[in-house]
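Novice: Quick note, in this note's numbering, the sequence shown goes up one by one and the last residue is 240.
All C-beta atoms in this analysis are idealised placements derived from N, C-alpha and C, irrespective of residue type, glycine included.
Fair warning: this is a prediction, and the values are worked out from it, not measured in the lab.
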Amino acid sequence: MELKDDHRPGMPRGVSVLSDFDGTITLIDSAEYLLEHHADGDWRAIEGMLMEGRITIEECMRMQFEMISIPRDVMLRELDAVILPRPGLHDLLTRCAANNATFTITSAGLDFYIRHFMASVGWSSVEIVAPAVTDEAGRVRFRFPPRTNASARNFKEDRVLRERADGRLTAYIGDGISDLWAALSADLAFAVRGSRLHSELERCGKRHGAFTDLREVADVLFSEDHFPAMSSSAPEFMQ
């Protein structure tokens, strides 16, 4: 499949790659790190409620970060000391750009840290769909992106559905339970090997690729036959 700007009826308009941030683009979950070190309360109990489907990712993040009362500059300083990019990130982004595939980060994390991190690794131009974080009374508050599709279970799936409605083939990359709906709705799903998303996709029977290095994702996306999992001859990488 050639990735061209011209569009013919029945043909895809291009490729859209969407990715979670924490634990997917990075090796450490920045929100979890801050909660582990600074939360005043049982943030893991709230995490358990999310895993059980009792609350949404939006509710989870709001409730957890109400337990943290450190300033933004302290968050940035501490995270800079521990957060590293997942191997293959630069390769994936470079190959997306070379193949005219859009790349968008969809994250429920701290938007200001995501922008800070992406600028530090040389990719400040990447689009970021994340809650707007504001400082109020010494605590952070989240304003999540509005949903445009009534059937979307969260804003990540909403973005996938939006891209598909525009005629684009979509790939979703993630690691957590909040990525599940987006991964299920995408044409092609990728999960960090051994992650909660990996096990959930296996349970749901969704064909997907499990990876440790993001080069593995790029190799599937940009092989000679783009999106090979759309055909009957998907490589062994896909499960």
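Going by C-alpha distance, which of Gly168, Asn101 and Leu111 is nearest Leu77?
Specialist: Leu111
Novice: Along the chain, where does the beta strand (DSSP E) that runs through Val18 open and close?
Specialist: Val16 to Ser20
Novice: Assign Ile29 to buried or exposed, taking buried as 16 or more other Cβ atoms, counted over all protein chains shown, within 10 Å of its Cβ.
Specialist: exposed
Novice: If you run the structure through DSSP and keep just helix, strand and coil, what is Phe223?
Specialist: coil
Novice: Grouping DSSP H, G and I as helix and E and B as strand, with all else coil, what is Gly49?
Specialist: Here Gly49 sits in helix by DSSP.
Novice: Would Ala167 and Thr107 be called neighbours here (beta carbons separated by less than 8 angstroms)?
Specialist: Checking the sequence, you will find Asp at residue 167 rather than Ala. In this structure, Thr107 does not lie closer than 8 angstroms to Asp167 by Cβ.
Novice: In this structure, does DSSP put Leu28 in helix, strand or coil?
Specialist: If DSSP states are grouped into helix, strand and coil, Leu28 belongs with coil.
Novice: Would Arg140 pass as a contact of Ser70 if the rule is Cβ separation under 8 angstroms?
Specialist: yes
Novice: Applying the 10 Å Cβ sphere with the 16-neighbour rule, what's the burial state of Arg169?
Specialist: buried
Novice: Roughly how many whole angstroms lie between the Cα atoms of Thr57 and Ala192?
Specialist: Distance between the alpha carbons of Thr57 and Ala192 is about 20 angstroms.
Novice: DSSP three-state call for Arg140: helix, strand or coil?
Specialist: strand
Novice: Would you call Glu203 buried or exposed, if buried means 16 or more other Cβ atoms sit within 10 Å of its Cβ?
Specialist: exposed
Novice: Excluding sequence positions up to five away, which residues of its chain have a Cβ less than 8 angstroms from the Cβ of Gln65?
Specialist: Residues of the same chain with a CB within less than 8 angstroms of the CB of Gln65, apart from the 5 flanking positions on each side, are Ala32, Leu36, Ala40, Trp44, Ile47 and Glu48 in chain order.
Novice: Please return the same chain residues whose Cβ sits closer than 8 angstroms to the Cβ of Asp1, not counting the five positions on each side in sequence.
Specialist: Residue 1 is absent from the structure shown; the chain starts at 2 and stops at 240.
Novice: Who are the Cβ neighbours of Ile84 in its own chain at under 6 angstroms, not counting the five residues just before and after it?
Specialist: Thr27, Ile29 and Ser31
Novice: Taking the alpha-carbon of Asp220 as reference, which of Asp92, Glu164, Ala138 and Thr171 has the nearest alpha-carbon?
Specialist: Asp92
Novice: Which stretch, first to last residue, makes up the beta strand (DSSP E) that contains Glu128?
Specialist: Glu128 to Val130 is the extent of the beta strand (DSSP E) around Glu128.
Novice: Could you check whether Arg144 and Ala151 sit closer than 8 angstroms to each other, using their CB atoms as the reference points?
Specialist: no
Novice: Considering only the beta carbon of each residue, do Arg194 and Ala211 sit closer than 8 angstroms?
Specialist: yes
Novice: Throw me the rounded Cβ distance for the Ala102 and Val16 pair, which I believe falls under 8 angstroms.
Specialist: 4 angstroms
Novice: Whole angstroms is fine: what's the gap from Gly24's alpha carbon to Ile178's?
Specialist: 12 angstroms
Novice: Taking only the alpha-carbon atoms, compute the straight-line gap between Met52 and Leu19 and give it to the nearest angstrom.
Specialist: 22 angstroms
Novice: Which runs of the alpha helix (DSSP H) fall wholly inside the region 163-224 and span at least 4 residues, in chain order?
Specialist: 181-186, 197-205 and 215-222
Novice: Thinking C-beta only, is Tyr173 closer than 8 angstroms to Ala190?
Specialist: Closer than 8 angstroms, so yes.
Novice: Below 8 angstroms on the Cβ atoms is my contact criterion, and I expect Val130 with Thr105 to pass it. Report the Cβ-Cβ distance as a whole number of Å.
Specialist: 6 angstroms
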